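Numbering-wise, the numbering used here comes out as the position in the sequence shown, counting from 1, plus 338.
Even for Gly, the Cβ is constructed at its ideal location relative to N, Cα and C.
Bear in mind the structure is a predicted one, so any value in this text is a computation, not a measurement.
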Amino acid sequence: MTRSLVAMGLLIIVLASCDNSDGSTVLSSSRATTTTLSPSITEPASQAGSGSTTVTPQSPASTAASSLAPLEIETFYGRVIDVDFGSAWSIDPPDVAITPGAVAGTTVGPASVVFKDGVRLEVPARTPGGNACIELVRRDDWEAITGLENPTLEQVRFNNIPNDCFIYGALAADDTIAWFDIAEYRQGDPTATLLRRPISLADDILVLDGGISFPIAANVQILCQDVVTVDEYAADLPGRADRTRVGIAIDTGEVASISCLVDF
């Protein structure tokens with residue numbers, strides 16, 4: 339993953355929440371933090387080989403920080419409940435059927451995504467992003483995903499496509515989505531697991547590859563073989579980053595858990 343020199347900007351937390359039917363509070367769409375850094379976004383992957391239907395996260399191309407002027411990256415996240423696909427919606431590379439997002443080097447769009455709290459954000463054409471959740475799977479793409487003629491929705495779901503669509507990423511200056519990934523999330527879970535590795539931790543703000551950032555919860559749980567403190571994790575972050583999985587609380591956008599996978 340890309341490494342970028344980060345200077346923390348003004349922390350902005352705007353929380354928008356709504357109630358689930360079970361009475362719990364779920365954040366549907368929020369701009370969590372604003373981070374100032376040199377931009378570094380995953381580049382689209384080259385054309386995949388014949389018959390490829392799924393892409394997985396890969397390391398993005400590096401961008402020299404000194405060659406680009408700093409910009410502010412505003413983080414958003416939330417659960418998508420509806421998508422209006424533009425007539426020109428496409429995925430690039432065109433032979434990819436399912437992709438987890440910009441982290442895999444793919445682009446999608448155009449579309450409008452509607453979050454649970456009613457917020458609508460635009461996804462311009464060729465936005466680094468993905469479709470690996472049921473709301474973002476366009477009906478016209480069902481056959482490509484399943485390999486079947488006239489497949490049913492249940493047959494689409496049988497291809498390990500999550501029913502619950504929780505996305506996160508960066509906003510552009512015009513409040514359109516600059517890029518996004520699809521988190522690992524199931525309805526009812528208190529957290530969503532992000533696909534990006536951390537690149538810095540300072541002043542209780544965790545910055546992930548791509549420049550998005552999330553505040554650290556006061557009760558964050560960090561497990562790297564043993565339970566460690568925030569300061570201990572920060573001190574050895576470069577050595578642990580590639581093995582780290584970050585979970586954010588869906589109702590606050592705070593980092594609720596950090597775990598380090600064990601190498602064997």
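Checklist entry - With 16 other CB atoms within 10 Å as the buried threshold, where does F496 fall? => result exposed
Item to check | Unbroken stretches of the beta strand (DSSP E), 3 residues or longer, contained in the segment 492–532 | outcome: 503–509, 515–520 and 529–531
Next on the checklist: In whole angstroms, give me the CA-to-CA distance for S428 and P466.
Outcome noted: 12 Å
Checklist entry - For T490 versus S595, is the C-beta spacing smaller than 8 Å? => result no
Checklist entry - Can you tell which of L575, N498, A511 and A555 has the C-alpha that lies nearest to the C-alpha of L539? => result L575
Checklist entry - Between D479, D542, G548 and V565, which lies nearest to A555 when the distance is taken from Cα to Cα? => result D542
Item to check | Range covered by the beta strand (DSSP E) that runs through T582 | outcome: T582 to A587
Next on the checklist: What ranges does the alpha helix (DSSP H) occupy inside the segment 528–579, keeping only unbroken runs of at least 4 residues that lie completely in it?
Outcome noted: 568–573 and 575–578
Next on the checklist: Measuring only the C-alpha atoms, how far is R477 from T484?
Outcome noted: 12 Å
Checklist entry - Where does G585 land, buried or exposed, given buried means 16+ other C-beta within 10 angstroms? => result buried
Next on the checklist: If you follow the alpha helix (DSSP H) that A482 is in, where does it begin and where does it stop?
Outcome noted: W480 to T484
Checklist entry - What are the boundary residues of the beta strand (DSSP E) that V441 is part of? => result Unbroken run through V441: none, as it is neither H nor E.
Item to check | N-terminal and C-terminal residue of the beta strand (DSSP E) that C598 is part of | outcome: V593 to C598
Next on the checklist: I'd like to know whether the C-beta atoms of Y415 and G548 end up nearer to each other than 8 Å.
Outcome noted: no
Item to check | Close Cβ partners of A482 (< 6 Å) along its chain, the five nearest in sequence each way excluded | outcome: A435
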